[in-house]
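The structure appears right after this line, and notes come after that.
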Amino acid sequence: TNRDKLISFEDLTADCFQFLRLYFYGLDPVIPLHLVSDILYAANKLKINPLAEAVKQYITSLEDIDDLVLVLSLLHQHAFHELINSLISMNNLFEDSGRVFHSENINLLSPALMIRFLESATFQTDCILTEEAIFEKCVCWAKYNAKIYEINKQHSNIGIEDMGKIPRVQLSTEWKRIIKPLLPYIRFPTMKGE
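If you read the sequence shown in this note's numbering, its first letter stands for residue 3, the second for the next number, and so on.
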């Protein structure tokens, strides 16, 4: 009875919808790592419990720290806080924060997750970081996010795949504003200098 009506899923990405279409036709598509949060969101929204469970199982099977940090940042975008907490505790990421700070995907973390890792900041002997090193990681994180902010501000219609085509953006002082919420959680009293 609704064949002439348009069904709109405005909060689903095109890639996620393409995955769902393959899934519905029984073509057993591989869950792409960069879409896990979008697919989980869609599965929950559309009440596709087997798919939601498959995505959760895939997420919990991840062991590579770079993949875990990427997934944490993606899950935070859709507010899957319970799953984030579960991943953090399953992988002992608070007990060994050094692994997170050494990850090449640390720049993708949200400010809230960065603060959580800075608050815990417990390091095992093989991944010990000085407070100066942590501060430098936070500066790199802030500068990366400032660059993304500037790119988004200047080129709001450009997709992530076209990022390499964008001319270099002059880095403003925006990073100083971005890093401010993190500063109280970096243990400055023992740091040398200002």
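The C-beta atom is built at its ideal place from N, Cα and C for all residues, glycine as well.
Under the three-state reduction of DSSP output, residue 124 falls in the coil class, being neither helix nor strand. In this chain, the alpha helix (DSSP H) harbouring residue 17 covers 16-26. Taking the CA atoms as reference points, residue 117 sits about 10 Å from residue 111.
In the structure shown, residue 34 adopts coil according to DSSP, grouped into three states. 8 Å or more divides the Cβ of residue 151 from the Cβ of residue 133. In the structure shown, residue 132 adopts coil according to DSSP, grouped into three states. Residue 136 is positioned such that its CB atom lies no closer than 8 Å to that of residue 102. One alpha carbon belongs to residue 122, the other to residue 55, and they sit about 30 Å apart. Distance check between residue 139 and each of 87, 109, 125 places 109 closest, using alpha-carbon atoms only.
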